[in-house]
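Heads up, the thing below is written out as structure tokens.
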Amino acid sequence: MMTMNCKEKISALFSHIEGFRAEKMTAGSKFRLAAIVADVTELSEQLNEALQRLRQEVVLDADEDVDYADLSEQVLTMELEERTDCGEEIHEQTRLVNEGLGMLSSVLSEIDEQLSRHHKEEEYARLYETEKRRYMNSGTSKRTKRDFDEWKENMNCGNPSLEDMEDYRLEKLIHMFEKGVFDDRVKHMQRARRFPDELDFDQVDENHKITKTPYHHYAALRRLVVFKDGMLVVDPVHVGQHFFASRKEANAKAHRTNFLKYMHKISMAQELYEGLKMENGRLNVLRTAEGAEKAEGLNMFAPAKQLKVMLGEEWFGIHSTDKRFDKAWTEQFIDRLMASPHGREIAIEWSNKKKRDFLRGCIVGLLKEGGVLKGSMDSIARSTGVCENYRTFSKYMGQSVQEPYAEWVLNYIKE
Numbered sequence: 050m051m052t053m054n055c056k057e058k059i060s061a062l063f064s065h066i067e068g069f070r071a072e073k074m075t076a077g078s079k080f081r082l083a084a085i086v087a088d089v090t091e092l093s094e095q096l097n098e099a100l101q102r103l104r105q106e107v108v109l110d111a112d113e114d115v116d117y118a119d120l121s122e123q124v125l126t127m128e129l130e131e132r133t134d135c136g137e138e139i140h141e142q143t144r145l146v147n148e149g150l151g152m153l154s155s156v157l158s159e160i161d162e163q164l165s166r167h168h169k170e171e172e173y174a175r176l177y178e179t180e181k182r183r184y185m186n187s188g189t190s191k192r193t194k195r196d197f198d199e200w201k202e203n204m205n206c207g208n209p210s211l212e213d214m215e216d217y218r219l220e221k222l223i224h225m226f227e228k229g230v231f232d233d234r235v236k237h238m239q240r241a242r243r244f245p246d247e248l249d250f251d252q253v254d255e256n257h258k259i260t261k262t263p264y265h266h267y268a269a270l271r272r273l274v275v276f277k278d279g280m281l282v283v284d285p286v287h288v289g290q291h292f293f294a295s296r297k298e299a300n301a302k303a304h305r306t307n308f309l310k311y312m313h314k315i316s317m318a319q320e321l322y323e324g325l326k327m328e329n330g331r332l333n334v335l336r337t338a339e340g341a342e343k344a345e346g347l348n349m350f351a352p353a354k355q356l357k358v359m360l361g362e363e364w365f366g367i368h369s370t371d372k373r374f375d376k377a378w379t380e381q382f383i384d385r386l387m388a389s390p391h392g393r394e395i396a397i398e399w400s401n402k403k404k405r406d407f408l409r410g411c412i413v414g415l416l417k418e419g420g421v422l423k424g425s426m427d428s429i430a431r432s433t434g435v436c437e438n439y440r441t442f443s444k445y446m447g448q449s450v451q452e453p454y455a456e457w458v459l460n461y462i463k464e
């Protein structure tokens, strides 16, 4: 719904009605009244469509520079005097105009009520996803990805260290704060909570572009993101709620874009960081497991059995995209995966108990990526019940395409 278009149409309707009031009654008056009835009806239908959306979604620009309660009252003042001395047709058309204005006033009043209603968490989450999707489809997103790739290529011949990536993340947070994304929140803070085990802003030089200290801005950010396993992860509900609550602030749209842009940069650095950590960890596991394999033999049965059990549960059928992906299909898939050149490495990772949920998440993530499973990653993760926090499992699913066996799995599904 375009609010400026709504205001313009109501203003034009008011002018039309005022013009009719100033005219003397003629033979054409009934046609001018019929035109007003048509305009009122059309506007009511358009606003009613917007109202239906507001009943289900959080909309950011619905009340931009518009007071629907005030407009509702103004519409009622435009009612015409129902005269009986100008003929039955004029009287009937006047009645229809007033009836239409009453309906229009009611729709405007309901829109005002919907804008102030309590919104559900899933509505806020959808709002965040909508804004994120809009950003990811924009030129800003593509430039951000290109700039990150250039930074990565210029750091240590394309191999930035863990320390390089930590510095990059800190730098991008400071840039986000400098853009004033949280200025309205920070100016009301009397003190800022410190997060000593997360990021250290004491190493940052004094920055006169930032109101108060970086810790104040980071405290505001932490209301929208969680710090999990060393990573800053967006909470879609909290971010959606923040976007809606701050929609009338100065430069609100620019602040939303800057938040999404810098979190995009941070997430790319964190994915790279996590990948490097996992690779280092994998090498250590391989070195450790090689000796154990020689002494005890590698257990290929356990991971195959447990993965088959997981894929044989009820949730798989609920999210399956086709009946052919049944128990026989999943068991054959696991058998062939374990018999592939990647089976040995999977068994080695499985030998580390801390890696098992991650491995489960990667297998499920690749099945979704390949079109075997339907639904969002969060909904699938919640259905599996593997991790106590389903978003942890969802995160593992999202990292699946980085695994060395990802190409094999996707090709297997395709073939």
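Our numbering puts the first residue of the sequence shown at 50, with every later residue one more than the last. For every residue, glycine included, the Cβ atom is placed at its ideal position computed from N, Cα and C. Quick caveat, the model's predicted, so the values are computed rather than measured.
* Pull up the DSSP beta-bridge partners for Val274, would you. => Val283
* Asked: Is the beta carbon of Val274 sitting closer than 9 Å to the one on Leu281?
  -> In this structure, Leu281 lies closer than 9 Å to Val274 by Cβ.
* Hey, how far is the Cα of Asn460 from the Cα of Trp378? -> Cα-Cα distance, rounded: 15 Å.
* **Strand pairing of Ser369, partner residues [DSSP]** => Leu422
* Asked: Would Met127 be called buried (16 or more neighbouring beta carbons within 10 Å of its own) or exposed?
  -> buried
* Does the beta-carbon of Gly324 have 16 or more other beta-carbons within 10 angstroms, so that it is buried, or is it exposed? -> exposed
* Mind checking whether Tyr217 and Ile160 have CB atoms under 9 Å apart? -> no
* Asked: If we count the other Cβ atoms within 10 Å of its Cβ and call it buried at 16 or more, is Leu60 buried or exposed?
  -> Note that residue 60 is Ser in the sequence shown here, rather than Leu. With fewer than 16 Cβ atoms within 10 Å of its Cβ, Ser60 is classed as exposed.
* Local Cβ density within 10 Å of Cys55, reported as buried at 16 or more and exposed below that -> Answer is buried; the Cβ neighbour count reaches 16.
* To do: Could you spell out the range, first to last residue, of the alpha helix (DSSP H) harbouring Thr193?
  => Unbroken alpha helix (DSSP H) run through Thr193: Gly188 to Asn203.
* To do: Compute the Euclidean distance between the alpha carbons of Leu356 and Gly414, then round it to the nearest angstrom.
  => 13 Å
* Rounded to whole angstroms, how far is the Cβ of Gln233 from the Cβ of Glu298, which I believe are closer than 8 Å? -> Per the sequence shown, the amino acid found at residue 233 is Asp instead of Gln. The pair is a contact, with the Cβ atoms about 5 Å apart (cut-off 8 Å).
* Which value, in whole angstroms, describes the spacing of the CA atoms of Thr260 and Val235? -> 8 Å
* **Expected contact under 8 Å - CB spacing of Leu15 and Asp88 to nearest Å** => Residue 15 lies beyond the stretch modelled for the chain, which goes from 50 to 464, so this question has no answer here.
* Asked: What whole-angstrom Cβ distance do Leu153 and Leu103 have, given they're in contact under 8 Å?
  -> Cβ-Cβ separation between Leu153 and Leu103: approximately 16 Å, too far for a contact (criterion under 8 Å).
* Give the secondary structure of Gln477 by DSSP, where H, G and I count as helix, E and B as strand, and everything else as coil. => The first residue shown for the chain is 50 and the last is 464, placing residue 477 beyond what the model contains.
* Skipping 5 residues on each side, what residues in its chain have a beta carbon closer than 6 Å to that of Tyr454? -> His391
* Evaluate the contact criterion for the segment 138–150 versus the segment 75–86: three or more CB pairs, one atom per stretch, below 8 Å. => yes
* Roughly how many angstroms lie between the CA atoms of Lys310 and Lys354, to the nearest whole one? -> 43 Å
* Asked: Can you tell me the Cα-Cα spacing of Ile508 and Glu113, whole angstroms?
  -> The question about residue 508 has no answer, for the chain in this structure spans 50 to 464.
* Report the three-state DSSP secondary structure of Tyr454 (helix, strand or coil). => Correct three-state label for Tyr454: coil.
* Asked: Measuring CA to CA, which of Leu100, Asn208, Asp198 and Ser210 is closest to Leu164?
  -> Leu100
* Asked: Which value, in whole angstroms, describes the spacing of the CA atoms of Lys372 and Ile462?
  -> 14 Å
* To do: Have a look at Met426 and Glu141 and give me their C-alpha separation to the nearest angstrom.
  => Taking the straight line from one Cα to the other gives about 58 Å.
* Through-space distance from Lys326 to Glu394, alpha-carbon basis -> Approximately 17 Å between the Cα atoms of the pair.
* Would you check if the segment 218–232 and the segment 300–309 touch, i.e. whether three or more CB-CB distances between them fall below 8 Å? => yes
* CB-CB length for Leu109 against Phe293, believed under 8 Å -> 7 Å
* Three-state class that DSSP yields for Ala299 in the structure shown -> coil
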